[in-house]
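Student: Under my numbering, read the sequence shown as residues 579 to 994, first letter to last.
In this text, a Cβ means the ideal position worked out from N, Cα and C, and glycines have one as well.
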Amino acid sequence: MNFKNMGLIEPLEKALSDMGYEKPTDIQAKAIPEVLQRKDIFGSAQTGTGKTAAFAIPIIQLIHQIEFQNGRKSDILRCLILTPTRELAIQIQENIEAYAKYTAIKSTVIFGGVKQHKQVQALNRKPNILVATPGRLIDLCNQGILDLSDIKMFVLDEADRMLDMGFIHDVKRIIKLIPENRQTLFFSATMPDSIMNLANSILEDPIKIAVNPVSSTAETVTQLLYYTNRTDKKALLRHILQERDIQQVLLFSRTKHGADRICRDLKKKNINSMAIHGDKAQNQRQKALKAFKDGKLRVLVATDIAARGIDIDKLRYVINYDVPNLPETYVHRIGRSGRAGEEGVAISICEPEENAYIRQIEKLTKQRIEVAKDHPFPQTDKPLTEAEKKAWNKEKQRRKQEYFAQRKLKKARQRK
Ligand code: AMP
């Protein structure tokens with residue numbers, strides 16, 4: 579199968595060829611013909627599979643054929659793509675712009691965390707496709723700035739993450755704002771009951787498409803595990819960066835504070851790094867991402883939510899600074915390297931508390947992770963007992979409070 583025999587319109591073929599896309603990926607080969615037939619889709623796929631193009635290409639084709647036939651122009655908003663994070667929203671819209679560049683179709687993106695003025699201006703230019711995160715979308719609808727009554731195609735992207743992030747009520751409200759008579763494309767990396775219920779309530783006789791289920795780790799990703807102690811993680815990270823001569827890496831941290839701390843430690847050692855997470859302003863996040871993509875940043879530290887969906891060309895290394903307690907999260911994280919057939923390396927740094935998570939991950943992926951031996955910071959500590967864990971949690975809480983109290987004080991002093 580290649581794009582040439584999928585019956586795509588010429589402007590799309592040309593754009594795909596400009597982008598160097600030759601063959602459709604698995605999900606594209608399965609989804610594009612069905613979407614063109616106006617079918618609902620229930621897709622189980624994660625980012626990195628070519629999911630965006632799988633829905634964007636046929637949507638562009640349908641809108642072009644229906645609204646823009648014979649040089650006609652349209653100012654009607656026909657498609658809404660709902661996605662959980664700002665980064666993902668921006669990325670999807672950038673892709674759509676690239677795919678639609680030889681058509682007259684207009685698209686725009688709206689998300690929270692920034693002033694709405696520019697987004698309102700963009701909406702006034704009457705896009706045909708809107709990519710949005712839920713909060714800002716509802717906000718603009720409530721203000722009467724945005725009207726969804728002409729929507730004919732609705733994409734719910736990363737539905738599981740949407741639910742994890744607490745967007746379920748927003749999603750349900752949005753669904754009420756769009757016409758029932760529509761085509762719906764629903765994508766989720768995992769399929770827990772809550773997702774199945776939501777999907778069943780909004781899809782009509784959907785075509786089910788599954789590619790790369792979340793338990794499968796990309797074959798092109800080499801996985802490595804470094805067992806160490808909590809207190810040696812910093813030093814081990816620097817050792818790994820140096821020993822393996824890692825030029826660029828996406829490094830995952832479970833928490834926002836953790837991400838900031840890692841960044842501070844790296845900077846102290848003159849290792850160029852920036853963090854992206856939910857507490858960072860949108861422009862800071864974009865700046866960090868751009869610096870990383872431009873090759874000006876060695877380490878991009880990210881929390882899971884901030885990193886979800888970020889597409890970085892040819893990312894070779896991913897490091898898990900902590901081992902996630904959900905094995906699916908591990909699969910998502912390491913899927914960020916070795917994308918689109920590129921070779922990747924995923925390194926996990928594991929402290930005694932996290933040893934049990936490794937077993938769960940290996941159970942899910944049905945693979946054993948290779949253990950790096952002979953490194954200078956081997957694991958010697960035993961996992962904490964329940965009582966020690968409690969004490970440690972209390973101590974962490976105390977440190978957190980102290981940190982916030984100091985920050986408040988500092989701000990108050992600055993104000994004076
Ligand atoms: P996605 O899963 O949509 O985030 O896409 C992952 C990456 O694969 C993006 O960089 C896309 O530009 C790229 N990609 C998607 N489809 C193709 C294709 N058919 N050929 C080559 N690259 C692709």
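1) Rounded to whole angstroms, what's the CA-CA distance from Gln-615 to Pro-784? Just pull it up for me.
2) Can you tell which of Gln-825, Phe-830, Lys-846 and Tyr-805 has its C-alpha closest to the C-alpha of Asp-959?
3) To which residues of the same chain is Ala-950 closer than 7 Å at the C-beta, ignoring the five residues directly before and after it?
4) Since Ile-912 and Val-896 should fall inside the 8 Å C-beta cutoff, what is the C-beta to C-beta distance between them, to a whole number of angstroms?
5) State yes or no: is the C-beta of Thr-943 nearer than 7 Å to some heavy atom of ligand 1?
6) Taking 8 Å as the threshold, find out whether the region 937-956 comes into contact with the region 807-821 through three or more Cβ pairs.
7) Apart from the five residues just before and just after Asp-882, which ones in its own chain have a Cβ nearer than 8 Å to its Cβ?
8) Straight-line CA distance for Ile-947 to Glu-966?
9) Comparing the C-beta of Asp-748 with each C-beta of chain B, is any distance below 8 Å?
10) What's the call for Leu-987, buried or exposed, on a 16-neighbour Cβ count within 10 Å?
11) Please find out if some non-hydrogen atom of ligand 1 comes closer than 7 Å to the beta-carbon of Ala-631.
12) Measure the C-alpha to C-alpha separation of Arg-839 and Val-692 and round it to an integer number of angstroms.
13) According to the Cβ coordinates, are Ile-605 and Met-584 closer than 8 Å?
14) Quick check: the Cα distance between Gly-626 and Leu-586, rounded to an integer number of angstroms?
15) So within the region 732-805, which uninterrupted alpha helix (DSSP H) runs reach at least 4 residues, ignoring any that extend past its ends?
16) Could you tell me the alpha carbon to alpha carbon distance between Phe-846 and Thr-630, rounded to whole angstroms?
17) Roughly how many whole angstroms lie between the Cα atoms of Ala-866 and Gln-825?
18) Name the residue from Gly-836, Gln-860 and Ile-619 whose alpha carbon lies nearest to the alpha carbon of Lys-786.
19) Excluding five sequence neighbours on each side, which residues of the same chain lie with their C-beta closer than 8 Å to the C-beta of Asp-857?
20) What number of angstroms, rounded off, separates the C-alpha of Val-879 from the C-alpha of Met-769?
21) Taking the beta strand (DSSP E) that Tyr-935 falls in, what are its first and last residues?
22) Drop a sphere of 10 angstroms on the beta-carbon of Ser-779, count the other beta-carbons inside from all chains shown, and report buried for 16 or more, exposed for fewer.
23) Would you decide whether Glu-588 is buried or exposed? Buried here means 16 or more other CB atoms lie within 10 Å of its CB.
24) One question on the structure: do Phe-764 and Leu-734 come within less than 8 Å of each other, judged by their Cβ atoms?
25) Going by beta carbon distance, what residues of the same chain come within less than 7 Å of Ala-538, once the five residues before and after it are set aside?
26) Report buried or exposed for Ile-644, applying the criterion of at least 16 other Cβ atoms within 10 angstroms of its Cβ.
27) Take the Cβ of Thr-963 as the centre, count every other Cβ of all protein chains shown within 10 Å, and call the residue buried at 16 or more, exposed below.
28) Count the other C-beta atoms from every protein chain shown that fall within 10 angstroms of the C-beta of Pro-961, then say buried if there are 16 or more, exposed otherwise.
29) Can you check whether the CB of Asn-702 is closer than 8 Å to the CB of Ser-685?
30) Using three-state DSSP, classify Ser-595 as helix, strand or coil.
31) Classify Met-579 as helix, strand or coil using the three-state DSSP reduction.
32) So what does Met-852 bridge to, in DSSP terms?
33) Below 8 Å between beta carbons: does that hold for Asn-573 and Ala-634?
34) Here's the rule: buried if 16 or more other CB atoms are within 10 angstroms of the residue's CB, otherwise exposed. What is Arg-739?
35) Do Gly-916 and Thr-798 have their C-beta atoms closer together than 8 Å?
36) Give the range of the alpha helix (DSSP H) segment to which Leu-844 is assigned.
Tutor: Let's see:
1) If you take the alpha carbons of Gln-615 and Pro-784, they lie about 12 Å apart.
2) Tyr-805
3) Leu-802, Leu-803 and Tyr-804
4) A Cβ-Cβ separation of about 6 Å places Ile-912 in contact with Val-896 under the 8 Å criterion.
5) no
6) yes
7) Phe-830, Arg-832, Pro-902, Thr-907, His-910 and Arg-911
8) 29 Å
9) Any reference to chain B falls outside this structure, which holds one protein chain only.
10) Per the 10 Å Cβ criterion, exposed.
11) Yes, Cβ of Ala-631 sits closer than 7 Å to a heavy atom of ligand 1.
12) 25 Å
13) no
14) So the two alpha carbons sit approximately 22 Å from each other.
15) Listed in chain order, they are 737-742, 746-755 and 771-780.
16) Sequence inspection shows Lys at residue 846; the Phe mentioned does not correspond to that position. So the two alpha carbons sit approximately 39 Å from each other.
17) Rounded to the nearest angstrom, the two C-alpha atoms are 16 Å apart.
18) Ile-619
19) Same-chain partners within the cutoff: Lys-834.
20) 28 Å
21) It is not in any beta strand (DSSP E) - Tyr-935 instead sits in the alpha helix (DSSP H) that spans 933-943.
22) exposed
23) exposed
24) yes
25) What is shown of the chain runs 579 to 994, which leaves residue 538 out entirely.
26) Per the 10 Å Cβ criterion, exposed.
27) exposed
28) Residue burial annotation: Pro-961 is exposed, with fewer than 16 other C-beta atoms found within 10 angstroms of its C-beta.
29) no
30) helix
31) coil
32) By DSSP's assignment, Met-852 forms a beta bridge with Leu-878.
33) Since the first and last residues shown for the chain are 579 and 994, residue 573 lies out of range.
34) buried
35) yes
36) Its alpha helix (DSSP H) spans residues 834-846.
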